[in-house]
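Enquirer: Sequential numbering from 285 applies to the sequence shown in our numbering.
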Amino acid sequence: MVRIVRFSAGEEPQYGVLTGDLDEHGEPEEGATIVALAGDPLYVGVKLLEQEHRLEDVRLLAPVLPRSKVVGIGRNYAAHAAELGNDVPEEPLMFLKPNTSVIGPGDAIAYPRQTSDLQYEGEVAVVIGRICRDVPPEQATDVIHGYTIGNDVTARDLQRSDGQWSRAKGFDTFCPLGPWIETDLDPQHFADGVSVRTYLDGDLVQDGSTADMIFDIPTLVAHVSSAMTLLPGDVILTGTPEGVGPMEVGGEVEVVVAGLGSLSNKVVQR
Ligand code: MG
């Protein structure tokens, strides 16, 4: 397992590799450290420096700043499509979130005054590793840098009233990503998939599995790249399982994906 973090130790953001194992909650075990890297491994590969920090002494940042776009996939779990009264799409349903919506682990989700129904959507996020287009599904893993966790925060009322989703899913802070990029684990490698769980103020509200995606990750990479060139650092959000619901100011939302860790964010008034 290689876990790439982006972190701040009080100065300029740096990249690093997280050492140690995760406990059953997806949290790093006691004594975890970060070995700093020379530059962004997305562009220069993993070059370890002789510089190590204790995890508790640094602040983790969004592990990737999407260079051009975050591509969202809507209704990719049948039970979620049904809970919002929608049919399952015949091909992947794409939308865009601006890269300015990205925040990191522990950063605040800002509740905008324009909505009164701000919802979480816990998801697996695919980080693209190289420039590509028209990628066949069987070559998708070649263009994937790794995986992280995403929360496709959505103003549900604006999604309905606007008729298209740019505003509802595009506000600043509406794309928490993190806590790191796992470059080795493929969340669909296992026949049963891996669990995608969301907790709101500690209560389990989403409990899905990547095995239940309608379109698997290689199909999504092929579909998106058949429409638009993907750049290193672009992100594809792979859709959310059932159980979406509202968040309130003062609340905390945590998305846990088995093998990928845990992404927590609090909600504040914008
Ligand atoms: Mg979503």
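For glycine and all other residues, C-beta sits at the position ideal for the given N, C-alpha and C.
Would you mind giving the Cβ-Cβ distance between Arg290 and Pro347, rounded to the nearest angstrom? I have them listed as a contact below 8 Å.
Expert: Here the question's residue 290 lines up with position 6 in the sequence shown. Here the question's residue 347 lines up with position 63 in the sequence shown. Contact holds; Cβ gap of about 5 Å.
Enquirer: Does the count of Cβ pairs from the stretch 507 to 527 and the stretch 363 to 375 closer than 8 Å reach three?
Expert: Flag = yes, the stretch 507 to 527 and the stretch 363 to 375 touch.
Enquirer: Give the single residue among Arg554, Asp470, Ala542 whose Cα lies nearest to the Cα of Asp307.
Expert: Residue 307 sits at position 23 when you count from the first residue of the sequence shown. Checking every option, the nearest Cα to that of Asp307 belongs to Ala542.
Enquirer: Can you tell me whether DSSP reads Gly358 as helix, strand or coil?
Expert: Position 74 of the sequence shown, counted from the first residue, corresponds to residue 358. Of the three classes helix, strand and coil, the one that applies to Gly358 here is strand, per DSSP.
Enquirer: Does the count of Cβ pairs from the stretch 433 to 449 and the stretch 323 to 341 closer than 8 Å reach three?
Expert: Short answer: they don't touch.
Enquirer: Going residue by residue through the stretch 406 to 445, where are the continuous alpha helix (DSSP H) segments of at least 4 residues, counting only ones entirely within it?
Expert: Taking only runs of at least 4 residues, the alpha helix (DSSP H) segments lying wholly in the stretch 406 to 445 are 424 to 427.
Enquirer: Roughly how many angstroms lie between the CA atoms of Asp500 and Glu311, to the nearest whole one?
Expert: Within the sequence shown, numbered from 1, the residue matching residue 500 stands at position 216. Within the sequence shown, numbered from 1, the residue matching residue 311 stands at position 27. Going by the C-alpha atoms only, they are around 27 Å apart.
Enquirer: Checking the sheet assignment: what are the DSSP bridge partners for Tyr483?
Expert: Here residue 483 refers to the residue found at position 199 when the sequence shown is read from its first residue. Its beta-bridge partners are Leu488, Glu538.
Enquirer: How about Lys353: is its C-beta nearer than 8 Å to some C-beta of chain B?
Expert: The structure shown contains no chain B; it is built from a single protein chain.
Enquirer: Where Asn549 and Phe458 are concerned, what is the direct C-alpha to C-alpha distance, given to the nearest angstrom?
Expert: Taking the sequence shown and counting its residues from 1, the one referred to as residue 549 is at position 265. Taking the sequence shown and counting its residues from 1, the one referred to as residue 458 is at position 174. Cα to Cα, Asn549 sits roughly 11 Å from Phe458.
Enquirer: Closer than 6 Å is what we want: which residues have a beta carbon that near any heavy atom of the ligand MG? List them in chain order.
Expert: Matched residues: Gly356, Glu405, Glu407, Asp436, Leu521, Gly523, Thr524.
Enquirer: Given a cut-off of 8 Å on the beta-carbon distance, is the pair Ala320 and Gln298 in contact?
Expert: On the sequence shown, position 36 is the one that residue 320 refers to. On the sequence shown, position 14 is the one that residue 298 refers to. It is a contact, given that the beta carbons lie within the stated cut-off.
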